[in-house]
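full-length UniProt numbering applies: residue 1 is where the sequence shown begins, and numbers increase by one. Backbone N, C-alpha and C fix where the C-beta goes; we use that ideal spot for every residue, glycine too. Report on one structure; see the data block that follows.
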Amino acid sequence: EVSHLEYVVSLLILLTGHFVTISAQGKGQLSTGLVSPTLKSALGTGNVVNESMPRRPRVLPPMCTGPTEIRDTFKYINTVVSCIVFVVGIIGNSTLLRIIYKNKCMRNGPNILIASLALGDLLHIVIDIPINLLAEDWPFGVGLCKMVPFIQKTSVGITVLSLCALSIDRFRAVASWNRIKGIGVPKWTAIEIILIWVLSIILAVPEAIAFDMITMDYKGEQLRICLLHPMQKNKFMQFYKSAKDWWLFSFYFCMPLMCTAIFYTLMTCEMLRKKNGVQIVLSDHLKQRREVAKTVFCLVLVFALCWLPLHLSRILKHTIYDERDPNRCELLSFFLVLDYIGINMASVNSCINPIALYMVSKRFKSCFRSCLCCWCLPPEMLAMDDKQSCMKLKVTERGSEQSNSRASNKYTSA
């Protein structure tokens, strides 16, 4: 029975939104984003029942020679981090959406993609985090059991594809330096956003299919657990379960980093090529777009730092972990700690983008300050303030353009 627990753990330990704690003495705890941290000894001594899945004989791995456990401190830290992410994420992302919606001068291609990214994060924060915190032995039923991982993966997909689209957009903006940046949403950007959301939803469908409710008989009580079931019904889902970690690592982590590296390298070459002769006079728009490119690069860097620990634990689990090794428990304890850190860092990514924009972009910083101060103003004052903030942004940009053009004239006349 304990070995059965370890088998389940070997499949679940590194899933996004999941935390696992076990003990080789027959007492364990499984704490996932969908399972309560109060299930002591449940998997080690319980009988798992799922009538929708056929039972198959399985060779069980040997028991651990020592206990594998994690301190309660990590669970408390997880709760605190989730609460902070919930509060900061709602305030930051809703403020970001309000800034782009209220200010016409902020409605351009890159900012609309950033708004799409913020909306995906807000969806994850509002729906998933409260359910994950309130779930005990999963009282919400099969519907929410399938919906929560589906929304999680949809949100991550929106983030990944939006970052790729932003990187491509920045290269196009620098490559076509003589293209005048207008106000409003370009048609191609609107199509991009629709494709991003549709593709993210489609790629998240296997999560909804794979997750299922398991009923476990433990000490006369029926415990309900929501997890990625170790035995899938069809061949495609069996393949998805076995290849899931590599798929998540390649598509949801490596792809946006590779996309950013490729297009930012091309963008750098393009800017170096244009940095000569009379084109310096025409580089004011290029300098503004370079500033936006720096902001997008910061968002990609934050994404990489937040998701690296979780993906690292997954890859290490598949490469150096051997479930047949009786001395594997120390390594498993390390994975448990790394999982807690990785899950919390991944959750932080849902709320940190507005903070990064505030720190990197002067324009967003000005809008954040005026918007956060205007929450308590009456509607008529709010409308006036929105117009004034937009005018202030235009005046500031004109001033910077004039100073840049004077500097450019100085270089060309020399």
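Report the option in the options whose CA atom is closest to the CA atom of residue i.
{"i": "V296", "options": "V126, V81 and F171", "result": "F171"}
{"i": "residue 416", "options": "M231, N111 and R369", "result": "The structure shown does not extend to residue 416, since the chain is modelled only from 1 to 414, so the question has no answer here."}
{"i": "L312", "options": "D245, A204, H229 and Q222", "result": "D245"}
{"i": "M345", "options": "F335, Y76 and V85", "result": "V85"}
{"i": "V87", "options": "N103, R363, F74 and I125", "result": "I125"}
{"i": "A293", "options": "L166, I131 and E330", "result": "L166"}
{"i": "I129", "options": "L338, I191 and P149", "result": "P149"}
{"i": "C164", "options": "L228, K241, A261 and N353", "result": "A261"}
{"i": "V348", "options": "S82, G120 and L308", "result": "S82"}
{"i": "I77", "options": "S350, I352 and I343", "result": "I343"}
{"i": "V174", "options": "L336, H229, T265 and P354", "result": "T265"}
{"i": "T189", "options": "D169, I202, A208 and V205", "result": "D169"}
{"i": "G92", "options": "R363, S350, S361 and L336", "result": "S350"}
{"i": "L301", "options": "T159, M237, E270 and L331", "result": "T159"}
{"i": "T154", "options": "P139, I127 and S333", "result": "I127"}
{"i": "N132", "options": "L119, A118, G120 and M147", "result": "M147"}
{"i": "A118", "options": "I90, L144, P139 and F140", "result": "I90"}
{"i": "I214", "options": "G220, L228, A208 and Y321", "result": "L228"}
{"i": "M271", "options": "C259, R290, M106 and C254", "result": "R290"}
{"i": "G120", "options": "N103, V156 and L144", "result": "V156"}
{"i": "T79", "options": "R363, G220, I341 and A204", "result": "I341"}
{"i": "Y252", "options": "C306, A208 and F239", "result": "C306"}
{"i": "M231", "options": "K241, Q222, T319 and D217", "result": "K241"}
{"i": "Q238", "options": "P206, C254 and T268", "result": "P206"}
{"i": "K233", "options": "D212, Q222, L372 and N353", "result": "D212"}
{"i": "N353", "options": "I114, K102, D339 and F263", "result": "I114"}
{"i": "R107", "options": "L195, F364 and L372", "result": "F364"}
Any idea what DSSP makes of residue i, helix, strand or coil?
{"i": "Q152", "result": "helix"}
{"i": "S231", "result": "In the sequence under discussion, the amino acid at residue 231 is Met, which differs from the Ser named in the question. Residue state, collapsed to three classes: coil."}
{"i": "I209", "result": "helix"}
{"i": "E291", "result": "helix"}
{"i": "F334", "result": "helix"}
{"i": "N93", "result": "helix"}
{"i": "I193", "result": "helix"}
{"i": "P139", "result": "coil"}
{"i": "E270", "result": "helix"}
{"i": "Y321", "result": "coil"}
{"i": "Y101", "result": "helix"}
{"i": "P130", "result": "helix"}
{"i": "R107", "result": "coil"}
{"i": "S361", "result": "coil"}
{"i": "S176", "result": "coil"}
{"i": "G220", "result": "coil"}
{"i": "P186", "result": "coil"}
{"i": "L12", "result": "Residue placement at L12 is flagged as unreliable, the pLDDT there being 41, under the threshold of 50; a coordinate-derived value is accordingly withheld."}
To the nearest whole angstrom, what separates the beta carbons of residue i and residue j, a pair I think is in contact under 8 Å?
{"i": "A210", "j": "L257", "result": "Wrong, their Cβ atoms sit about 26 Å apart, outside the cutoff."}
{"i": "L161", "j": "L199", "result": "6 Å"}
{"i": "I315", "j": "F236", "result": "In fact, because the Cβ distance is near 23 Å, the residues do not count as touching under 8 Å."}
{"i": "A356", "j": "L299", "result": "6 Å"}
{"i": "C145", "j": "C226", "result": "4 Å"}
{"i": "N317", "j": "F335", "result": "According to the sequence displayed, residue 317 carries Lys and not Asn. With 8 Å as the limit, K317 and F335 qualify as a contact, their Cβ atoms being about 6 Å apart."}
{"i": "S116", "j": "I193", "result": "5 Å"}
{"i": "L308", "j": "Y321", "result": "That pair is no contact at about 18 Å."}
{"i": "V337", "j": "F74", "result": "7 Å"}
Using DSSP bridges, identify the partner residues of residue i.
{"i": "I225", "result": "I214"}
Is any heavy atom of the ligand FMN found at a distance shorter than 6 Å from the C-beta of residue i?
{"i": "T154", "result": "Looking for the ligand FMN in the displayed structure turns up nothing, as the structure carries no ligands at all."}
Quick check: is the beta carbon of residue i nearer than 7 Å to any beta carbon in chain D?
{"i": "D339", "result": "Protein chains in the displayed structure number just one, and chain D is not present."}
**Asked** Should the region 363 to 374 be called in touch with the region 86 to 104, which here means at least 3 C-beta pairs below 8 Å?
**Response** Contact between the region 363 to 374 and the region 86 to 104 is present: 3 or more CB-CB pairs across the two stretches fall below 8 Å.
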